[in-house]
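At position 143 of the sequence shown (counting the first as 1) the number is 130 in our numbering, and the numbers step up by one without a gap.
Remarks on the structure that follows.
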Amino acid sequence: MKKLIAAVVIVLLAHTHVFATWSIIIVDPKTHEIGIAGASCTYNCYGIGKIVPNVGGVIVQAMSNSDAREKGIRMILANALPDEIITAMRDSIFDPERQQYAVVTIGFLDQPGIYTGRLTKPFHGGLTDYGVSVQGNTLASDTTLAVVMAAVRKGKGDALHISEILLTALEAGARAGGDKRCGEQRATSAFLMVVNPNDKRPYLDLQIFGQGKGKQNAVDLLRLKYQRWKRKADRRHRAET
């Protein structure tokens, strides 16, 4: 069974070192959908996390050590507690003080695990809620993460779809200042991914990258791409019914 699950791990991994400034993991306790979103003032932040459908997700950002991410996935598959996974990823071989970690699993929705290395750039930190983690570094404001979490909670209270909650929370982070390196632009790259429990690949997988300093906010562009995706998905649904 573990081999079967491992075969369908959904990977956001394009490079050995990938970065993100603020990111979110959400697990829907009812549908078991799992989603990840992030944004940064770097060329591309698509690659900070992995999702195991119907099991859990892990994010490793800042210097984003891929070996730490793989360790996290192996332990998620072994049904380890999120805090146990975080402890293992804090092994010195992974250079943890330059990393930011987050783990959320379906088996332990009330126990998300997070860690922010002391050498990551401020403002930095993380927050958790039931089935949710938000984390960030190099942020323009020390209130950004609280704003992001408030947007997640409001979206859940309004019964929004997980994809809309993720994107709305990402937008809230941008409005709160985003990545301090980008100034008014907020972010030059952003992504949004959601998987269903039985997915072999994500049914929603959007990214914006390489915007360059002074160009459009990548989070705004991600919203436009999401709206186009949603219109197409709605048309397909109507055609099928």
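Here a beta-carbon is modelled for each residue, glycine too, at the ideal position from N, C-alpha and C.
What you are looking at is a predicted structure, and each value in this text was computed from that prediction instead of being measured.
By the criterion of a C-beta distance shorter than 6 angstroms, PRO16 is surrounded in its chain by LEU96, GLY118, once the five residues flanking it on both sides are discounted. In the DSSP assignment, LYS37 falls within the beta strand (DSSP E) that extends over 36 to 39. Residue pairing by DSSP puts SER120 in a beta bridge opposite ILE12, THR115.
A straight line joining the alpha-carbon of ILE101 with that of THR228 spans about 42 angstroms. In this structure, the alpha-carbon of ALA55 lies about 18 angstroms from that of VAL42. Note on ARG173: 16 or more other CB atoms within 10 angstroms of its CB, so buried under the neighbour-count rule. Beta-bridge annotation (DSSP): LEU193 is paired with LEU179.
Partner residues in the beta bridge of GLY25, as assigned by DSSP, are SER10, PHE178. GLN203 is not bridged by DSSP to any residue. Beta-bridge pairing by DSSP links LEU126 to ASP166. Taking C-beta atoms as the reference points, VAL135 and ALA156 count as a pair closer than 8 angstroms. For ALA220 against ILE195, the beta-carbon gap comes to about 19 angstroms, at or over 8 angstroms, which does not count as contact. If you draw a straight line from the Cα of GLN87 to the Cα of ALA226, it is about 43 angstroms long.
The alpha helix (DSSP H) runs lying completely inside the segment 21 to 105 and spanning 4 residues or more are 53 to 64, 69 to 76, given in chain order. Apart from sequence neighbours up to five positions away, the residues of its chain that approach VAL121 with a beta-carbon distance below 6 angstroms are ILE11, LEU114, LEU132, VAL135, MET136, ordered along the chain. Taken through DSSP and simplified to helix, strand or coil, THR18 comes out as coil. For the pair of segments examined, the segment 46 to 54 was found to touch the segment 21 to 38: the number of CB pairs separated by less than 8 angstroms reaches three. Counted as a single uninterrupted DSSP element, the alpha helix (DSSP H) harbouring LYS141 occupies residues 131 to 144.
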